[in-house]
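Trainee: Okay, so the sequence shown: first residue is 2 according to this note's numbering, each after it adds one.
Don't be surprised by glycine CBs; every beta carbon is placed ideally from N, CA and C.
Computed from a predicted structure; not experimentally measured.
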Amino acid sequence: MKKLYLIFIISIFLSMSVVVQADQYDLRLDGLFSRLTTTKNGGMAQLISEDIWNIWSRLDNQEVSELFRHGESAMNRGDFQAALKDFNKVIEIAPDFAEGWNKRATVYYQAGNYQASLEDIIETLKLEPRHFGAITGRGLCYMKLDKWQLALTSFEQALVINPWLQRVSENIKSLKRMLKQAV
Numbered sequence: 002m003k004k005l006y007l008i009f010i011i012s013i014f015l016s017m018s019v020v021v022q023a024d025q026y027d028l029r030l031d032g033l034f035s036r037l038t039t040t041k042n043g044g045m046a047q048l049i050s051e052d053i054w055n056i057w058s059r060l061d062n063q064e065v066s067e068l069f070r071h072g073e074s075a076m077n078r079g080d081f082q083a084a085l086k087d088f089n090k091v092i093e094i095a096p097d098f099a100e101g102w103n104k105r106a107t108v109y110y111q112a113g114n115y116q117a118s119l120e121d122i123i124e125t126l127k128l129e130p131r132h133f134g135a136i137t138g139r140g141l142c143y144m145k146l147d148k149w150q151l152a153l154t155s156f157e158q159a160l161v162i163n164p165w166l167q168r169v170s171e172n173i174k175s176l177k178r179m180l181k182q183a184v
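1. Thinking C-alpha only, which one of R36, T137, T39, G113 is nearest I123?
2. Any beta carbon of chain C sitting closer than 7 Å to that of Y109?
3. Rounded to the nearest angstrom, what separates V161 and A152 at their Cα positions?
4. Enumerate in chain order the residues of its own chain whose CB-to-CB distance from L68 is below 6 Å, with the five nearest sequence positions on each side excluded.
5. Thinking K202 and E73 are a contact (beta carbons under 8 Å), I'd like their distance in whole angstroms, please.
6. Whose C-alpha, out of T107, F133, R70, Q111, is nearest the C-alpha of D121?
7. For my contact list, S58 and E100 are in at a C-beta cut-off of 8 Å; report their separation, rounded to the angstrom.
8. Rounded to whole angstroms, what's the CA-CA distance from D61 to A183? Just pull it up for me.
9. Report yes if the C-beta of M179 is less than 6 Å from at least one heavy atom of the ligand SAM; otherwise report no.
10. From the DSSP output, in three-state form, read off G113 for me.
11. Got a sec? Which residues, its chain only, sit under 6 Å from I193 by beta carbon, not counting five neighbours each side?
12. Considering only their Cβ atoms, is the gap separating S118 from G140 smaller than 7 Å?
13. Tell me the rounded alpha-carbon separation between G113 and L176.
14. Which residue from H71, A84, L48, N163 puts its Cα closest to that of Q111?
15. Does DSSP put R105 in a helix, a strand or coil?
16. Given A75, which residues of its chain have a CB within under 7 Å of its CB, disregarding the five upstream and five downstream residues?
17. Straight-line CA distance for Q22 to T40?
18. Three-state secondary structure (DSSP) at A95?
Dropping the structure here:
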């Protein structure tokens, strides 16, 4: 009877714990990143990039997934307070989910809080060092903070991972011109 009771208690604790598989660990990512840097076709690069973003945004926890989607919706309509509330909860429940940190960094950037955005980008990159979106975001923050060389370095790093980032290429050209004129 004691053994049955113990099994019952353990099963209750296990069912109460939240286990979240963050998909920056998805084994398909290595192949996708390899293909992204070697493809010669812009259309194919776009599809590969979308596949990467879809994997990054996927979770196996329904509650966190719903909070994440709700936060994205709030962010897209410019409701930064609601978006921050949702992404704060996502990060609290699933601190190993890189895209949760990245989305909150995006909200901070859109709200003009570049330092907070940079702090969340650091967390994103600890979990997914190849996150070209976060690296690009870091460059954009540095541009807003007039840290041109750091912005350039970030954009160049993003382009190594995803050579198909057109706006990043344009930012690199602009920054190189600005830095050259400043000398």
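Mentor: Reading it off the structure:
1. As a working mapping, residue 123 is identified with position 122 in the sequence shown. When only C-alpha atoms are compared, the closest one is T137.
2. Here there is only one protein chain, and chain C is not present.
3. Numbered from its first residue, the sequence shown carries residue 161 at position 160. Numbered from its first residue, the sequence shown carries residue 152 at position 151. Going from the Cα of V161 to the Cα of A152 covers about 14 Å.
4. Against the sequence shown, residue 68 aligns to sequence position 67. Within the same chain, L68 has close Cβ partners D87, K90, V91.
5. Here the chain comprises residues numbered 2 to 184, so residue 202 is not present and cannot be evaluated.
6. Here the question's residue 121 lines up with position 120 in the sequence shown. Of T107, F133, R70, Q111, the residue nearest in Cα terms is T107.
7. Counting from 1 along the sequence shown, the entry for residue 58 is found at position 57. Counting from 1 along the sequence shown, the entry for residue 100 is found at position 99. Confirmed, Cβ separation roughly 5 Å.
8. Within the sequence shown, the letter at position 60 stands for residue 61. Within the sequence shown, the letter at position 182 stands for residue 183. Their Cα atoms are separated by approximately 50 Å.
9. The ligand SAM is absent from the structure shown, which contains no ligands of any kind.
10. Numbered from its first residue, the sequence shown carries residue 113 at position 112. G113: coil per DSSP, three-state reduction.
11. This structure leaves residue 193 out entirely; the chain is present only between 2 and 184.
12. Locating residue 140 in the sequence shown gives position 139, where the first residue counts as 1. Locating residue 118 in the sequence shown gives position 117, where the first residue counts as 1. No, these two residues do not count as a Cβ contact at 7 Å.
13. For the purposes of this step, residue 113 is identified with residue 112 of the sequence shown, where counting begins at 1. For the purposes of this step, residue 176 is identified with residue 175 of the sequence shown, where counting begins at 1. Spanning the two alpha carbons is a distance of roughly 21 Å.
14. Counting from 1 along the sequence shown, the entry for residue 111 is found at position 110. Checked all of H71, A84, L48, N163; the closest Cα to Q111 is A84.
15. Reading the sequence shown from its first residue, position 104 is the one you call residue 105. The answer is helix: DSSP assigns R105 an H, G or I state.
16. Counting from one through the sequence shown, the residue named residue 75 turns up at place 74. Within the same chain, A75 has close Cβ partners A83, A84, D87.
17. Translated into the one-based positions of the sequence shown, residue 22 becomes position 21. Translated into the one-based positions of the sequence shown, residue 40 becomes position 39. Because the pLDDT at Q22 is just 49, under 50, the model does not fix this residue reliably, and the point stays unresolved.
18. As a working mapping, residue 95 is identified with position 94 in the sequence shown. If DSSP states are grouped into helix, strand and coil, A95 belongs with coil.
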